[in-house]
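Report on the following structure.
In my numbering, the protein residues as written are 487 to 823.
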């Protein structure tokens, strides 16, 4: 299969309180992560990445779109991994529910999906984070169970979805899907979240090299279903290592792995050895790996847990990358930082 067009680059130019924004926390020592049931999203405007534009047949312009999960078992509510210690932050993640946002040009999904009280409430909350002067209303979507994503989207009124293609706690490559053709032909934007075990920044070859293999397999299966992108946690380095060494490992990994769909690197929280806990490290990472076929997934819970200012985080990311290509968001009861 020929590679898809990559995520293009464009020159770049939470409020604390009752609703604390957040999602899964993949880095650092285990700690309880408390969450609220309803996710919240916030994104800035901008043109769609080339891969999404090709997927949806749209032209220029558009706005970054938002999505939030409602109810059900979340992708973050999974057992902690036990293989090679690949993800020490899983305990912080287990009680969080995923939400997402995608940069797309036009509204897709079930008729009337923009209506309803939940969508209005979510959009009202969007004003609390970042620069939200977007040219079109955001799409509200969900991370849904992977068995029947189109039906799940219709049931929720979701306008964009994210799924796992397999067990997020397994090194086994996702199996080909019998519904790949219908997913590929659907106008509903679909994102794939890579397994949690992947850690491309690990100092351990028994983790880092299988992570490359797993990412390659996930990208191939994501291309088969017409996914707009694959979300991968930025990961973490060894306890005594400078996170800068993780940037070089990411560079080598992306050079080695074919990318038929874009890779969206997600910021993480947890300990100081997380590669992208501090968004001040984003510049070095983006300078090393940014370009066609690579994008950024901004996770507001991880940003909140890292002590980032949610009112400015979108603009700060866009100043480096030119866009926030995907946004994860959810409430958190934990304190910032």
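For each residue, glycine too, the CB sits at the ideal point set by N, CA and C.
Fair warning: this is a prediction, and the values are worked out from it, not measured in the lab.
For residue i, which residues from the same chain have a beta carbon less than 7 Å from its beta carbon, with the 5 sequence-adjacent residues on both sides left out?
{"i": "residue 670", "result": "711, 712"}
{"i": "residue 772", "result": "806, 807"}
{"i": "residue 680", "result": "701, 704, 716, 717, 718"}
{"i": "residue 666", "result": "710, 711"}
Give every residue of the same chain whose Cβ lies closer than 6 Å to the Cβ of residue i, excluding the five residues on either side of it in the sequence, and list them in chain order.
{"i": "residue 721", "result": "685, 686, 687, 761"}
{"i": "residue 541", "result": "Here the model assigns residue 541 a pLDDT of 40, short of 50, so the residue's position is not dependable and the matter cannot be decided."}
{"i": "residue 635", "result": "647, 649"}
{"i": "residue 775", "result": "736, 737, 740"}
{"i": "residue 557", "result": "Unreliable placement is indicated for residue 557, whose pLDDT of 30 sits below 50; the coordinate value is still reported in the next sentence. Within the same chain, residue 557 has no close Cβ partners at all."}
{"i": "residue 732", "result": "687, 723, 761"}
Whole angstroms are fine: how far does the CA of residue j sit from the CA of residue i?
{"i": "residue 770", "j": "residue 759", "result": "15 Å"}
{"i": "residue 827", "j": "residue 654", "result": "Outside the shown range of the chain (487 to 823) lies residue 827, about which nothing can therefore be said."}
{"i": "residue 660", "j": "residue 706", "result": "9 Å"}
{"i": "residue 637", "j": "residue 820", "result": "33 Å"}
{"i": "residue 629", "j": "residue 816", "result": "12 Å"}
{"i": "residue 678", "j": "residue 662", "result": "14 Å"}
{"i": "residue 674", "j": "residue 645", "result": "7 Å"}
{"i": "residue 692", "j": "residue 809", "result": "34 Å"}
{"i": "residue 696", "j": "residue 657", "result": "8 Å"}
{"i": "residue 728", "j": "residue 632", "result": "37 Å"}
{"i": "residue 798", "j": "residue 814", "result": "16 Å"}
{"i": "residue 730", "j": "residue 796", "result": "24 Å"}
{"i": "residue 664", "j": "residue 639", "result": "18 Å"}
{"i": "residue 734", "j": "residue 626", "result": "35 Å"}
{"i": "residue 694", "j": "residue 777", "result": "22 Å"}
{"i": "residue 672", "j": "residue 783", "result": "23 Å"}
{"i": "residue 689", "j": "residue 643", "result": "43 Å"}
{"i": "residue 763", "j": "residue 757", "result": "8 Å"}
{"i": "residue 668", "j": "residue 726", "result": "47 Å"}
Should residue i and residue j be called a contact, given that it needs their Cβ atoms to be closer than 8 Å?
{"i": "residue 749", "j": "residue 724", "result": "no"}
{"i": "residue 708", "j": "residue 651", "result": "yes"}
{"i": "residue 768", "j": "residue 803", "result": "yes"}
{"i": "residue 812", "j": "residue 794", "result": "no"}
With burial defined as no fewer than 16 other Cβ atoms inside 10 Å of the residue's Cβ, what is the status of residue i: buried or exposed?
{"i": "residue 818", "result": "buried"}
{"i": "residue 823", "result": "exposed"}
{"i": "residue 786", "result": "buried"}
{"i": "residue 746", "result": "buried"}
{"i": "residue 641", "result": "exposed"}
{"i": "residue 607", "result": "Any answer about residue 607 is weak, because its pLDDT of 41 lies below 50 and its placement is not dependable; what the coordinates show is given next. It is exposed - the Cβ of residue 607 has fewer than 16 other Cβ atoms within 10 Å."}
Counting only the same chain and skipping the five closest in sequence on each side, list residues whose C-beta sits under 8 Å from that of residue i.
{"i": "residue 781", "result": "493, 535, 715, 748, 749, 750, 751, 807, 809, 811, 812"}
{"i": "residue 698", "result": "686, 739, 742, 743"}
With three or more C-beta pairs closer than 8 Å as the rule, is the segment 737-753 touching the segment 699-706? yes
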